[in-house]
């Protein structure tokens, strides 16, 4: 498995405003995973640390280039929740023959009550059951890239059909 990190709340990145100035202590995805019992090989590729509102087309192209240069079929991308759906759609439209899961968190990864670890662990477990495609896996739910929306009022992702 290849894990691509891009920043966001899952890494404890707290942004004070649109300038995306980081104002908090961070945690690495490697630190979070080290707490799990992992029985498979994985590598982590840190691409950037951004508030997802600041992710550009160039950043998404870098994600694609990174995915395509690795032979592994399982790709996990940690991503901020603001534009996670846009990145999933961008990737899906390229028809990459891999299983690509995007995950993140709503509570800073550095906080004791964070959902970062549980979202990461659940996302990793889904590689055993999901076929090729692009998914958002968060809050113990699995969404296809084309059937998901973010409910800002409830601070959760949900199916467009809900």
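Residue numbers (UniProt numbering): 1 to 162.
Ideal Cβ placement from N, Cα and C applies to all residues, glycine included.
Remember, predicted model here, so these are calculated numbers, not experimental data.
Check                                                                                               : Outcome
Segment limits, beta strand (DSSP E) that includes residue 135                                      : 133 to 138
Beta bridge counterpart(s) of residue 158 as assigned by DSSP                                       : 149
8 Å Cβ cutoff met for residue 10 and residue 78                                                     : yes
Residues near residue 62 in its chain [Cβ-Cβ closer than 7 Å; skip 5 each side]                     : 47
Rounded C-alpha distance that separates residue 116 from residue 86                                 : 20 Å
Beta strand (DSSP E) segment containing residue 4, residue limits                                   : 2 to 5
Supposed close pair residue 145, residue 137 - CB separation, criterion 8 Å                         : Residue 145 to residue 137, Cβ: 11 Å. No contact.
Where residue 95 falls: helix, strand or coil (DSSP)                                                : coil
Of the listed residues 123, 71, 26 and 160, nearest to residue 140 (C-alpha basis)                  : 123
Cβ-based neighbour list, residue 82, same chain, cut-off 6 Å, excluding 5 preceding and 5 following : 52 and 53
Extent of the continuous alpha helix (DSSP H) run through residue 67                                : 57 to 68
Whole-Å CB distance - residue 120 paired with residue 32, under 8 Å assumed                         : 6 Å
Beta-carbon proximity list for residue 209, same chain, < 8 Å, skipping 5 on both sides             : Nothing about residue 209 can be reported from this structure: the residues present for the chain run from 1 to 162 only.
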